[in-house]
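The block underneath contains the structure these notes are about, expressed in structure tokens.
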Amino acid sequence: MTTFRLYNTLTRAVEEFAPADGETVRMYTCGPTVYKPAHLGNFRTFLFEDLLRRVVVLRGWQTLQVMNLTDVDDKIISGASEAGVTIGEITAPVVKKFHEDRAFLRIQDAEIYPSATDHIPEMVALVKTLVDRGLAYRAEDGSVYFAIGKLHGYGKLSRLDTREVKTGARVIQDDYSKENAQDFALWKAAKEEDEKTGAAWDSPWGRGRPGWHLECSAMAMRYLGETMDIHCGGIDLIFPHHEDEIAQSEGATGAPFARFWCHGEFLLTDGSKMAKRIGNVATVADLKEQGVSAAAFRHFVFSTHYRKQLNLSGEALEASLEGVRRIGDFAARLEAARGATPALETIAAEAEKEVVEALSDDLNAPAALGSLYTFIRRANAELDRGGQDRAAVEAARKTFARINSVLDVIPEEAGPDPELAAWVEEKLAARRAARAARDFARADALRGEIEARGISIEDGPHGTRWKKIR
RNA sequence: GGCGCCGUGGCCAAGUGGUAAGGCGGCAGACUGCAAAUCUGCUAUUCGUCAGUUCGAUUCUGACCGGCGCCUCCA
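Quick note, my numbering runs 17 ahead of the 1-based positions in the first sequence.
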């Protein structure tokens, strides 16, 4: 088997990857801020991470994935304050919804989903270390800031040294107590609103709450150690979020925070970034409303490489819908097959090799899908030929299962509905009789009745198959 | 203004210094009573434009055009 390669934002190059301990891939994937339900743009990133996770398993490694839930931040606090409730009352239903949506999209469970509010002691300890090491200071406003000027190499992930601050940009900070405009908050002094909504904790610097970046550093190191294998997130997190995580973590430990940094590109709507502030967001609920299955959405997401922008369009979604229909039909056909030509075994072996190679090449899912389709077309042709080779069918089944263990793109079966099934069987029997009597007008009328209820039928050499299509 | 990504057939999309995977759609054929499904063939002499390097460039370099993103709390 060839090596597994991943693009590393830190080096801006595709590099060979293997877990540091040779067995378990320790990865941290930046999770949602649980203020409002995550949108499809967020889920594109989570789907990219799901792909990574599944390919890691395909390569024979174990995973230890941590995905944080940011349950304390400005928006949550102001939302809670306006509603007159605690932050927990705002976040709890959103967390629940997140897991439901995630399950719908078949995003596998991470091993750990830590919440920021459950890890305040770890965060306080981290800030204390940074203050002790002279990298952070308590300002007059009671907040603690990280002094980026004190850390050698700050900006290495986003290549800050090669950047210039926008002319006329907001260099004048809202916070005059900072020593340097670009210093960022580790610990924010509590305001009345924070106390009121349960978003304030004790610390050596007084009541307050953690800054955004702090939770990720503290929780990542708590569960994954000082140096993890892979840290993932959306491309917009490179700066400042991940840059600041590196500063805090490496400033505290002196060890590299993550060996690989991997970032997924955006999902666009109407040509621009999908974002709440732009107001062009779509959610899992919208997918369901439009009849887009989880399989189809996964197919859609995987049809473009994760480091390329992807535009959400009805046409592309339609194509994916039709694509997974074909993949699902093929899976069912393979399941029902009793034999095939021996050539199918070779075809399967070639496909499996190609798919593993594509996925190992920086998660090239679009190429993997291409190979999957070639496999399906060639295998269908062999199946059309008939044949008695059971081992060949078994090999094809195994190959398909292995490929699908990563992509997971078979549309869900329409649930068993005994009443509907009995009705269809009855109609089919009548149609069979009509066809035997060569009364095709009657047969076609019966087919029309069946199709009117969203059932498609296929006449084959071994009888008629039917399935629910909507 | 700085930094970065992208531009491949009607739509989506992979890809390589040696002459364009795959999917959707469309057209034709096989199969079928007719369909559906499946299979077969066809659907880019060409990869934003213009130069350059090279025996040869879609693939490397430069310029330009077009789209998108980041530049302090957005996946």
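Ideal Cβ positions, reconstructed from N, Cα and C, are used throughout, including at glycine.
In whole angstroms, what separates the C-alpha of residue i from that of residue j?
i: PHE277; j: LEU174; result: 11 Å
i: VAL318; j: GLU430; result: 21 Å
i: ASN328; j: GLY288; result: 7 Å
i: ALA360; j: GLU399; result: 7 Å
i: LEU57; j: PRO110; result: 18 Å
i: ASN197; j: ARG155; result: 13 Å
i: ILE364; j: ILE474; result: 29 Å
i: ILE295; j: THR26; result: 27 Å
i: ARG324; j: ILE420; result: 21 Å
i: GLY345; j: ARG123; result: 16 Å
i: PHE115; j: PRO54; result: 6 Å
i: TYR45; j: LEU380; result: 17 Å
i: VAL31; j: ASP401; result: 42 Å
i: ASP425; j: GLU352; result: 16 Å
i: LEU463; j: THR481; result: 13 Å
i: SER320; j: TYR240; result: 33 Å
i: CYS279; j: GLU369; result: 26 Å
i: GLY101; j: LYS113; result: 21 Å
i: ASN397; j: PHE347; result: 8 Å
i: GLY271; j: MET238; result: 13 Å
i: ALA446; j: ARG350; result: 23 Å
i: ILE467; j: LYS444; result: 7 Å
i: ARG176; j: ALA336; result: 39 Å
i: ALA488; j: VAL42; result: Since the first residue shown for the chain is 18 and the last is 487, residue 488 is missing from the structure and cannot be characterised.
State buried or exposed for residue i, treating a residue as buried only when at least 16 other CB atoms are found within 10 Å of its CB.
i: ASP246; result: buried
i: ASP191; result: Low confidence applies here, because ASP191 scores a pLDDT of 49, under 50, leaving its location unreliable; read the following figure in that light. Per the 10 Å Cβ criterion, exposed.
i: LEU23; result: buried
i: HIS258; result: buried
i: ILE472; result: buried
i: ALA186; result: Its pLDDT being 41, under 50, ALA186 is placed unreliably by the model, and nothing is read from it.
i: THR80; result: buried
i: ASP38; result: exposed
i: THR134; result: buried
i: SER422; result: exposed
i: PRO221; result: exposed
i: GLU260; result: buried
i: PRO49; result: buried
i: THR268; result: The sequence shown places Gly at residue 268, not Thr. Counting Cβ neighbours within 10 Å, GLY268 comes out buried, since at least 16 surround it.
i: LYS92; result: exposed
i: THR108; result: buried
i: GLN307; result: exposed
i: PHE457; result: exposed
i: MET18; result: exposed
i: PHE21; result: buried
Whole-angstrom Cβ separation of residue i and residue j, contact assumed at under 8 Å?
i: GLY215; j: THR62; result: Not a contact, Cβ separation roughly 29 Å.
i: LEU285; j: GLN326; result: 6 Å
i: GLY159; j: GLY225; result: 7 Å
i: LEU7; j: LEU152; result: For the chain, the structure presents residues 18 to 487; residue 7 sits outside this window and is missing.
i: VAL83; j: PRO36; result: Actually they do not touch by this definition, with Cβ atoms about 15 Å apart.
i: VAL441; j: ALA357; result: No, VAL441 and ALA357 are not in contact; Cβ-Cβ is about 29 Å, not under 8 Å.
i: ARG448; j: ALA439; result: 15 Å between Cβ atoms; not a contact.
i: SER266; j: PHE256; result: Between PHE256 and SER266 the Cβ distance is about 16 Å, and since that is not below 8 Å, they are no contact.
i: HIS322; j: PRO383; result: 6 Å
Starting from residue i, trace the beta strand (DSSP E) both ways and give me its first and last residue.
i: HIS280; result: 275-281
i: GLY251; result: 245-251
i: VAL42; result: 41-46
i: ALA153; result: 153-155
i: LEU327; result: 327-329
i: VAL161; result: 161-163
i: TYR24; result: 21-25
i: LEU285; result: 284-286
On the DSSP letters alone, give me the boundaries of the alpha helix (DSSP H) that residue i sits inside.
i: ALA206; result: That residue, ALA206, is in no alpha helix (DSSP H); its beta strand (DSSP E) goes 201-206.
i: MET291; result: That residue, MET291, is in no alpha helix (DSSP H); it is neither H nor E in DSSP.
i: THR62; result: 57-75
i: THR146; result: 137-149
i: ALA357; result: ALA357 -> no alpha helix (DSSP H), and no H or E assigned at all.
i: ASN381; result: No alpha helix (DSSP H) contains ASN381, which DSSP labels as neither H nor E.
i: GLU30; result: For the record, residue 30 in the displayed sequence is Ala; it is not Glu. No alpha helix (DSSP H) contains ALA30, which is instead part of the beta strand (DSSP E) from 30-34.
i: VAL410; result: 407-424
i: VAL318; result: 311-319
i: LEU241; result: 229-241
i: LEU174; result: No alpha helix (DSSP H) contains LEU174, which DSSP labels as neither H nor E.
i: ALA264; result: 260-270
i: ASP211; result: 209-213
Is residue i close to the ligand COA? I mean its beta-carbon at under 7 Å from any heavy atom of the ligand.
i: HIS248; result: Looking at this structure, you won't find the ligand COA or any other ligand, since it has none at all.
Length-filtered (4 minimum) alpha helix (DSSP H) runs lying within the stretch 450-480:
457-469
What are the start and end residues of each continuous beta strand (DSSP E) run of 3 or more residues lying completely inside the stretch 67-131, in chain order?
79-84
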